[in-house]
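Below is one structure, written out as structure tokens; the observations come after it.
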Amino acid sequence: MKFVIRPYHMMSLGGYIVEYDFPYRDLIIVNETPDEIKFEIPVFDGSYIEEYEKLGLKVIPVSEHDSYLNLYKKAHAELDALKAKLD
374 MKFVIRPYHM MSLGGYIVEY DFPYRDLIIV NETPDEIKFE IPVFDGSYIE
424 EYEKLGLKVI PVSEHDSYLN LYKKAHAELD ALKAKLD
């Protein structure tokens, strides 16, 4: 299945990770480009991270001991700063 992320938007893929032994509990995906990007979901293994990065997406893995909220807020602030520069 494919998913499309809009330009200058972000999302979390926690609900789309289907592998029990996946090394991260969540992935935050950020599109910092002016283009829509289509990518494969669900996430089955770590190779998906490399595929997403090749498409131009910024991938922020969230491990078991990371604070999801802090990582999400930081990524959101960086994206807002990028959008402010463009305006």
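Take this note's numbering: the last position of the sequence shown gets the number 460, and nothing is skipped along the way.
Note that the Cβ used here is the ideal one computed from N, Cα and C, for glycine as well.
Keep in mind that this is a model prediction, so the values were computed, not measured.
Report task. Note down the Cα distance separating PRO371 from ASN404, rounded to an integer number of angstroms. Result -> Not covered by the structure: residue 371. The range shown for the chain is 374 to 460.
Report task. With a floor of 3 residues, list each beta strand (DSSP E) that falls wholly inside the region 380–404, ordered by position along the chain. Result -> 382–385, 399–404
Query raised in the report: Are the Cβ atoms of SER420 and ASP399 separated by less than 9 Å?
Result: By one-based count along the sequence shown, residue 420 stands at place 47. By one-based count along the sequence shown, residue 399 stands at place 26. Not in contact: SER420 and ASP399 (Cβ atoms no closer than 9 Å).
**Report entry** Extent of the continuous beta strand (DSSP E) to which ILE461 belongs
**Finding:** Outside the displayed span of the chain (374 to 460) sits residue 461, for which this structure offers no information.
Query raised in the report: If we ignore side chains and look at the alpha-carbon of each, how far apart do VAL432 and TYR425 end up?
Result: Position 59 of the sequence shown, counted from the start, is the residue given in the question as residue 432. Position 52 of the sequence shown, counted from the start, is the residue given in the question as residue 425. If you take the alpha carbons of VAL432 and TYR425, they lie about 7 Å apart.
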